[in-house]
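Quick mapping for you: the protein sequence lines, in order, are chains A and B.
When you line the first sequence up against my numbering, it's residues -1 to 112, in that order.
When you line the second sequence up against my numbering, it's residues 18 to 130, in that order.
Quick reminder that beta carbons are idealized off the backbone N, C-alpha and C, glycines included.
The structure presented is a predicted model; accordingly, all values stated were derived computationally and were not measured.
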Amino acid sequence: DTEVTQTPKHLVMGMTNKKSLKCEQHMGHRAMYWYKQKAKKPPELMFVYSYEKLSINESVPSRFSPECPNSSLLNLHLHALQPEDSALYLCASSQDPSATYEQYFGPGTRLTVT
Amino acid sequence: KQEVTQIPAALSVPEGENLVLNCSFTDSAIYNLQWFRQDPGKGLTSLLLIQSSQREQTSGRLNASLDKSSGRSTLYIAASQPGDSATYLCAVVFKAAGNKLTFGGGTRVLVKP
């Protein structure tokens, strides 16, 4: 099974709200990723976790706060977002942080900031 | 700078015709290249992964080739069907960039019945 799940599927939040996105995989993968995708654009990497430790932060604003509580779960905490942060947020995982492994993506969370 | 380009941005073919999708990249020092399919508003589905040591990969009606020296990959989809209509994304892991996928802009494909 190569499934990555994400919840919620859709999220609408105001600029003063705090919310979280959740990503889960049960494939025993040890690398997990957050991507942001704007309409008609390719995904852009935000964060990489390797063995539950943050290994890459692509200069993402601090209003996005990732967390990896265990090897199966990845969260993205959102606070004081801007309307331009509205996008599809995609989670992915791979067997190992080594660059040679295939990445598997979840269905995404469609975020709208009002 | 490592970049990935997909041309054309959109493609329309009649059902049954073979699809040929192109991907080019600026640096031949890569770990691998991955082709994805994305339906509107959905996540990415991995189609094929080609390691830098491989020349091609096949899965059913799909065949992807890799020519590192010229910085090109081609995805062939045989006997296209309306269900193949989607956006196809090519992504490269460049050695200089570590464990990071660099995506092309995608090719939006429409297969007409």
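| query | result |
| --- | --- |
| Interface partners of S63 (chain B) on chain A, CB under 9 Å | T0, E100, Q101, Y102 and F103 |
| Identity of the residues DSSP links to P31 (chain B) by a beta bridge | B:K129 |
| Test: G12 (chain A) CB closer than 7 Å to a CB of chain B | no |
| Min CB distance V110 (chain B) to chain A below 7 Å | yes |
| Under 9 Å by beta carbon: chain A residues contacting F42 (chain B) | Result: empty, since nearest Cβ-Cβ is about 13 Å, beyond 9 Å. |
| Top-ranked residue by Cα proximity to M11 (chain A), from A:M30, A:L52, A:S69 and A:P81 | A:P81 |
| Whole-angstrom distance between R72 (chain B) and G33 (chain B), CA atom to CA atom | 26 Å |
| 8 Å Cβ cut-off: residues of chain A touching G77 (chain B) | The contacting residues do not exist; G77 (chain B) stays about 16 Å from chain A at best. |
| Nearest-angstrom Cα separation, counted from A90 (chain A) out to P40 (chain A) | 14 Å |
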